[in-house]
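Protein chains: 2
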Amino acid sequence: MYTALLKHIHHYCPLNKAEEQAVIESFNLLELKKKSLILEAGQFCKTNYFVSKGCLRLFFFNDKGVEQTTQFAIENWWISDYTSLALKKPSEFYLQTVEDSSIMVLESAAEEALFERVPKLERYFRLMFQRAYGASQHLAKYNHNLSREAHYRHFSKSFPDFVQRIPQYMLASFLGFTPEFLSKIRAKKDQPIS
Amino acid sequence: MYTALLKHIHHYCPLNKAEEQAVIESFNLLELKKKSLILEAGQFCKTNYFVSKGCLRLFFFNDKGVEQTTQFAIENWWISDYTSLALKKPSEFYLQTVEDSSIMVLESAAEEALFERVPKLERYFRLMFQRAYGASQHLAKYNHNLSREAHYRHFSKSFPDFVQRIPQYMLASFLGFTPEFLSKIRAKKDQPIS
Chain A
1 MYTALLKHIH HYCPLNKAEE QAVIESFNLL ELKKKSLILE AGQFCKTNYF VSKGCLRLFF
61 FNDKGVEQTT QFAIENWWIS DYTSLALKKP SEFYLQTVED SSIMVLESAA EEALFERVPK
121 LERYFRLMFQ RAYGASQHLA KYNHNLSREA HYRHFSKSFP DFVQRIPQYM LASFLGFTPE
181 FLSKIRAKKD QPIS
Chain B
195 MYTALLKHIH HYCPLNKAEE QAVIESFNLL ELKKKSLILE AGQFCKTNYF VSKGCLRLFF
255 FNDKGVEQTT QFAIENWWIS DYTSLALKKP SEFYLQTVED SSIMVLESAA EEALFERVPK
315 LERYFRLMFQ RAYGASQHLA KYNHNLSREA HYRHFSKSFP DFVQRIPQYM LASFLGFTPE
375 FLSKIRAKKD QPIS
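First to last, the sequence lines map onto chains A and B. Just so you know, we're using the working numbering here: the first sequence kicks off at 1 and counts up by one. Just so you know, we're using the working numbering here: the second sequence kicks off at 195 and counts up by one.
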């Protein structure tokens with residue numbers, strides 16, 4: 001079950017056998033059915049999560065009590081509430097499985113101990129956060145620039161498999177529109193963007 | 195001119211004198227008047243920027259040819275187009291000084307050489323990107339949840355000095371509304387949020 005994680009780390013930061021062993025000893029495997037809650041708002045998030053298989057989402061309840069999904073993570077993505085994790089503040093988010101999922105769990109204390117044993121993993125996580133932050137810069141651009149429909153089209157084109165596998169009401173929430181509006185624009189998906 | 199940068203690094207990752215010297219030798223100082231362009235869309239971004247003094251902004255031109263600011267950086271913040279930097283792709287953004295600014299410039303090649311000399315700086319940058327990414331997760335929440343007016347009020351309360359020092363049309367662009375709408379909500383700033 002550590003294969004996906006080790007392969008991912010190797011791609012950015014080659015490890016020897018002893019370093020691989022240190023990684024294996026630092027993570028726990030979590031096998032969860034879909035719709036399992038991993039983190040709730042108000043809790044202190046003390047863990048970083050790597051998705052080996054399945055899909056997770058980060059969401060909150062807006063002022064009207066409606067769920068709003070702000071982020072998804074599929075295979076080979078990391079996800080957590082990084083502010084709660086870094087600043088030891090209660091989380092404002094919920095983290096939940098969207099599908100049956102296999103998740104590699106890295107507790108904060110285990111992470112610090114792992115960095116002591118394998119300092120070069122700082123580089124791996126530096127690269128992960130740099131890429132994730134870069135992606136968030138681009139998302140801000142799309143949010144500012146594209147119409148809701150164009151945003152959906154862009155997202156579908158960039159992540160076609162992903163759009164197929166997640167429930168449509170979650171995708172609608174992530175893109176900031178109603179499930180009805182999403183159905184409407186999906187119905188005319190063969191038409192050119194107006 | 196290296197004082198602010200070294201102090202900032204020390205806070206997260208203490209350095210000895212030799213390591214400080216390696217940092218000093220790796221950066222260049224850029225002193226720019228306000229409204230100087232540092233990066234243009236289409237160029238390959240090869241540099242990371244630390245603001246010692248002043249203010250920078252990241253922006254793009256939307257489909258209507260209007261500037262949209264997506265990010266600001268004041269003292270002790272890093273800013274760049276991290277996707278262009280990491281993936282060696284042409285940038286989709288412009289980077290410009292908002293005020294007369296002193297900027298510490300770290301070229302990619304110098305950064306890699308610096309990581310070889312002082313590997314612990316991977317930790318410093320890992321922490322910087324983790325925090326920045328955490329902040330972007332919260333920004334996504336506010337963008338989904340708050341009305342435009344509430345977003346402005348929240349932003350003003352969180353960053354009062356910042357709101358005072360940047361031109362209002364840039365703040366309006368960043369928050370996604372017109373300068374006229376911003377003037378209107380600032381005019382009633384002593385009223386409670388409706």
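Quick reminder that beta carbons are idealized off the backbone N, C-alpha and C, glycines included.
Between residue i and the rest of its own chain, which residues show a CB-CB distance below 6 Å, the 5 nearest in sequence each way excluded?
i	result
residue 218 of chain B	196
residue 26 of chain A	110 and 114
residue 12 of chain A	124 and 127
residue 226 of chain B	291 and 295
residue 198 of chain B	246
residue 236 of chain B	284
Going by DSSP, what residues sit across from residue i in a beta bridge?
i	result
residue 263 of chain B	B/253
residue 247 of chain B	B/296
residue 272 of chain B	B/244
residue 94 of chain A	A/59
residue 28 of chain A	A/105
residue 238 of chain B	B/284
residue 231 of chain B	B/290
Would residue i and residue j qualify as a contact pair, given that the criterion is a beta-carbon distance under 8 Å?
i	j	result
residue 213 of chain B	residue 247 of chain B	no
residue 338 of chain B	residue 70 of chain A	yes
residue 302 of chain B	residue 279 of chain B	yes
residue 104 of chain A	residue 50 of chain A	yes
residue 173 of chain A	residue 97 of chain A	no
residue 171 of chain A	residue 163 of chain A	yes
residue 326 of chain B	residue 133 of chain A	yes
residue 119 of chain A	residue 354 of chain B	no
residue 330 of chain B	residue 136 of chain A	yes
residue 293 of chain B	residue 228 of chain B	yes
Which same chain residues end up closer than 8 Å to residue i when comparing Cβ atoms and leaving out the 5 residues on each side of it in sequence?
i	result
residue 275 of chain B	233, 239, 252, 285, 286, 287 and 289
residue 203 of chain B	209, 217, 315 and 318
residue 180 of chain A	none
residue 388 of chain B	Summary for residue 388 of chain B: the model assigns pLDDT 44, below 50, so the residue's position carries little reliability; its value from the coordinates is reported in the next sentence. These residues qualify, in order along the chain: 343.
Considering only residues of the same chain and omitting the five flanking positions on each side of residue i, which have a CB-CB separation below 7 Å?
i	result
residue 78 of chain A	48, 49, 50 and 128
residue 62 of chain A	68
residue 185 of chain A	149 and 152
residue 340 of chain B	348
residue 188 of chain A	none
residue 371 of chain B	342
residue 306 of chain B	none
residue 363 of chain B	373
residue 336 of chain B	345 and 348
Can you list the residues of chain D that residue i reaches, using a CB-CB cut of under 8 Å?
i	result
residue 276 of chain B	Here chain D cannot be found, since the structure's protein chains are A and B.
When Cβ atoms are compared, which residues of the region 314-339 of chain B fall closer than 8 Å to chain A?
314, 316, 317, 319, 320, 321, 323, 324, 325, 326, 327, 328, 329, 330, 331, 332, 333, 334, 335, 337, 338 and 339
Interfacial residues, the region 247-271 of chain B to chain A, with Cβ spacing under 8 Å:
252, 254, 256, 257, 262, 264 and 265
With a floor of 4 residues, list each alpha helix (DSSP H) that falls wholly inside the region 101-146 of chain A, ordered by position along the chain.
108-117 and 121-145
In the region 173-185 of chain A, which residues sit with their C-beta less than 8 Å from some C-beta in chain B, listed in chain order?
176
Interfacial residues, the region 89-123 of chain A to chain B, with Cβ spacing under 8 Å
92, 93, 115, 119, 120, 122 and 123
Short of 7 Å Cβ to Cβ, which residues in the region 341-357 of chain B face chain A?
none
Check distances from the C-beta atoms of the region 212-238 of chain B to those of chain A and list, in chain order, the residues that come in under 7 Å.
none
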